[in-house]
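FYI, in my numbering the residues of the sequence shown are 4 to 117.
Notes for the one structure printed next.
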Amino acid sequence: MSGRIAPAVCAVVLGTAIGAGVGAGIAWAAAEHEVVQKHRSFRPGEITVAAGDSIAFLNDDFYDHNVYSETPGSTFNTGVQTRGETTRVTLDQPGTVEVLCKIHPKMKLIVTVE
Ligand SMILES: [Cu+2]
Numbered sequence: 004m005s006g007r008i009a010p011a012v013c014a015v016v017l018g019t020a021i022g023a024g025v026g027a028g029i030a031w032a033a034a035e036h037e038v039v040q041k042h043r044s045f046r047p048g049e050i051t052v053a054a055g056d057s058i059a060f061l062n063d064d065f066y067d068h069n070v071y072s073e074t075p076g077s078t079f080n081t082g083v084q085t086r087g088e089t090t091r092v093t094l095d096q097p098g099t100v101e102v103l104c105k106i107h108p109k110m111k112l113i114v115t116v117e
């Protein structure tokens, strides 16, 4: 082999490192996801994120919104957001998080935190 590592060996080593990292709950690089509030609804209406990721809630609507969650372990309240405002929320607890708007009861976002 004269000092070189075969590609197949590299792939196995990399795969093992990633597997160990996930198993230990290590956050590699927390991602940010965007959810837009438009026409009195969340877009998208469902999103899957990794624990430790953040969601940027952008109000791109003609109305004020007030995003919140009362899901145990993932409670938050952005307060009233006016048009053009973005508020970031970090979700650390794996599970299903129900996100609602205090101003518009029909608005609902389901976040799956893995
Ligand atoms: Cu709203």
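Every residue gets a Cβ at the ideal spot worked out from N, C-alpha and C, and that includes glycine.
Relative to ligand 1, the beta carbon of arginine 43 is positioned inside 8 Å of a heavy atom. In the displayed model, alanine 59 falls within a strand according to three-state DSSP. In terms of side-chain proximity, the C-beta atom of isoleucine 106 is found nearer than 8 Å to a non-hydrogen atom of ligand 1.
By the C-beta criterion, the segment 61-68 is judged not to be in contact with the segment 92-100, since fewer than 3 inter-stretch pairs fall below 8 Å. Each residue's CA atom was taken as its position, placing threonine 85 and threonine 74 some 24 Å apart. Distances from the CB of aspartate 95 to the heavy atoms of ligand 1 are all 8 Å or more. Taken through DSSP and simplified to helix, strand or coil, valine 83 comes out as coil.
Judged by DSSP in its simplified three-state form, isoleucine 50 adopts strand.
Spanning the alpha carbons of isoleucine 58 and valine 92 requires a straight line of approximately 5 Å.
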